[in-house]
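Trainee:
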Amino acid sequence: MTETPLSEQAATWWRTSICDISPGQIAFRGYPIEDLIGRVSFPAMIWLMLRGDLPEPQHEELLQAALVASVDHGPHAPSIAIAQMAVSCGLPLNGAMASAINTLDDVHGGAGEQALELYANVLERMDAGAKIGEAAAAAIDVFTAAKGAYLPGFGHRFHPIDPRSGRLLELVDACVGKGGVAGRHAAAARAVEAALRMRKGKLIPMNIDGATAVIYGELGFAPPLARGVFCLSRAVGILAHAWEQTGRKDRNKGPMPKAFGYRYEGQPRRRLPER
Ligand SMILES: CC(C)(COP(=O)(O)OP(=O)(O)OC[C@H]1O[C@@H](n2cnc3c(N)ncnc32)[C@H](O)[C@@H]1OP(=O)(O)O)[C@@H](O)C(=O)NCCC(=O)NCCS
4 MTETPLSEQA ATWWRTSICD ISPGQIAFRG YPIEDLIGRV SFPAMIWLML RGDLPEPQHE
64 ELLQAALVAS VDHGPHAPSI AIAQMAVSCG LPLNGAMASA INTLDDVHGG AGEQALELYA
124 NVLERMDAGA KIGEAAAAAI DVFTAAKGAY LPGFGHRFHP IDPRSGRLLE LVDACVGKGG
184 VAGRHAAAAR AVEAALRMRK GKLIPMNIDG ATAVIYGELG FAPPLARGVF CLSRAVGILA
244 HAWEQTGRKD RNKGPMPKAF GYRYEGQPRR RLPER
């Protein structure tokens, strides 16, 4: 039997180092909310909540760039399509957002987590003495043996070259130039892209998840947070499309207009045998 008072047991059960709230007082990571309001940007607030302290301005800028870059990819992106369909079925905005965010998994939007793990594997091999090209090739082999041929963070359904990736890497390079980040994740990602190109005989370019994973890695975010922070960003686009759909009359909107059928691939029409 423990002798700790029940009230203390309950407080320990719900312990946190994030926010400290008492009647009339709210503080995050030690900073009173009245100090934060009006002085701290939303990206800096995200950093404070997740990392425990405020970011350096140049790190805040990189995080902001990643958040801006991934807000939306139009109604053909599964998450956005789901948000529209959910609203047309009567879900309120929060329900539509939850449904949409649930699709941000390994193949769509959530690939950043795996991409960051892949880059980390390259970097571990380099720390153990491997040259960057060998490290990338070995990390790709390990990934494909475990998870299949599609490397996370590379390739895109629509874009031959993802217009977001180059700009994001440009900002990373500029930050490296100012000594703000080390540039190791950017180098690892580029080495993976080069190794993939050699294997496939064509460029499978880095996509938004691969490029934002570079930023999250350079900034020291753990791989699962690459996915989590991506969800924060994409939630903006999801909300905007769900809200736009709210103003429309569509009811029970399916994935295609009614005039378009689908292909049936099952048994030809047949009869139940007579008993
Ligand atoms: C996003 C994705 C689904 C788009 O796929 P797609 O354009 O329909 O590509 P396909 O499946 O038609 O593949 C076309 C070719 O590129 C190759 N390819 C495409 N993406 C690849 C990847 N990430 N890794 C390795 N090869 C890839 C395919 O093997 C195929 O090669 P082949 O012509 O020799 O058969 C795919 O690139 C992917 O799964 N990427 C990884 C997950 C990811 O990063 N998701 C976030 C997207 S923003």
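Going by the numbering used here, the letters in the sequence shown line up with residues 4 to 278, in that order. No residue lacks a Cβ here, since even glycine has one placed at the ideal position from N, Cα and C.
#1: Could you give the uninterrupted runs of the alpha helix (DSSP H) lying entirely in the stretch 106-159, keeping only those of 4 residues or more?
#2: Thinking A192 and G213 are a contact (beta carbons under 8 Å), I'd like their distance in whole angstroms, please.
#3: Ligand 1 and N124: does the residue's C-beta get closer than 6 Å to at least one heavy atom of that ligand?
#4: Let me know the secondary structure DSSP gives Y267 once reduced to three states.
#5: Is the number of C-beta pairs between the stretch 208-226 and the stretch 243-259 that are closer than 8 Å three or more?
#6: The alpha helix (DSSP H) with I36 in it runs from where to where?
#7: Any chance you could list the alpha helix (DSSP H) runs of at least 4 consecutive residues sitting entirely within the stretch 201-235, in chain order?
#8: Would you call the CB atoms of M209 and S168 closer than 7 Å?
#9: Less than 6 Å separating the Cβ of F161 from some heavy atom of ligand 1?
#10: Should L171 be listed as close to ligand 1, given that the test is whether its C-beta is under 6 Å from any heavy atom?
#11: Going by DSSP, what residue range makes up the alpha helix (DSSP H) through S82?
#12: Would you check if the distance between the CB atom of S236 and the CB atom of L96 is smaller than 7 Å?
#13: Would I211 and A103 be called neighbours here (beta carbons separated by less than 7 Å)?
#14: What are the boundary residues of the alpha helix (DSSP H) that includes A69?
Mentor: Walking through what the data contain:
#1: 114-130 and 135-150
#2: The residue you call residue 192 lines up with position 189 of the sequence shown. The residue you call residue 213 lines up with position 210 of the sequence shown. Confirmed, about 6 Å.
#3: Here residue 124 refers to the residue found at position 121 of the sequence shown. Not under cutoff, so the answer is no.
#4: Working through the sequence shown from its first residue, we reach residue 267 at position 264. The answer is coil: DSSP assigns Y267 none of H, G, I, E or B.
#5: no
#6: For this step, residue 36 is matched to residue 33 along the sequence shown. I36 to L39 is the extent of the alpha helix (DSSP H) around I36.
#7: If we require 4 residues or more, the alpha helix (DSSP H) runs fully inside the stretch 201-235 come out as 211-221.
#8: By 1-based counting over the sequence shown, the position of residue 209 is 206. By 1-based counting over the sequence shown, the position of residue 168 is 165. A Cβ-Cβ contact shorter than 7 Å links M209 with S168.
#9: Taking the sequence shown and counting its residues from 1, the one referred to as residue 161 is at position 158. No, since every heavy atom of ligand 1 falls outside the 6 Å radius drawn around the Cβ of F161.
#10: If you number the sequence shown from 1, residue 171 lands on position 168. Relative to ligand 1, L171 has its C-beta separated by 6 Å or more from all heavy atoms.
#11: As a first step, residue 82 is located in the sequence shown; it is residue number 79 there, counting from the start. Where S82 is concerned, the enclosing alpha helix (DSSP H) stretches over P81 to S91.
#12: Residue mapping note: residue 236 aligns to position 233 of the sequence shown, counting from 1. Residue mapping note: residue 96 aligns to position 93 of the sequence shown, counting from 1. No, these two residues do not count as a Cβ contact at 7 Å.
#13: Locating residue 211 in the sequence shown gives position 208, counting from the first residue. Locating residue 103 in the sequence shown gives position 100, counting from the first residue. Not closer than 7 Å, so no.
#14: Position 66 of the sequence shown, counting from 1, holds the residue named residue 69. Segment P60 to A72, the alpha helix (DSSP H) holding A69.
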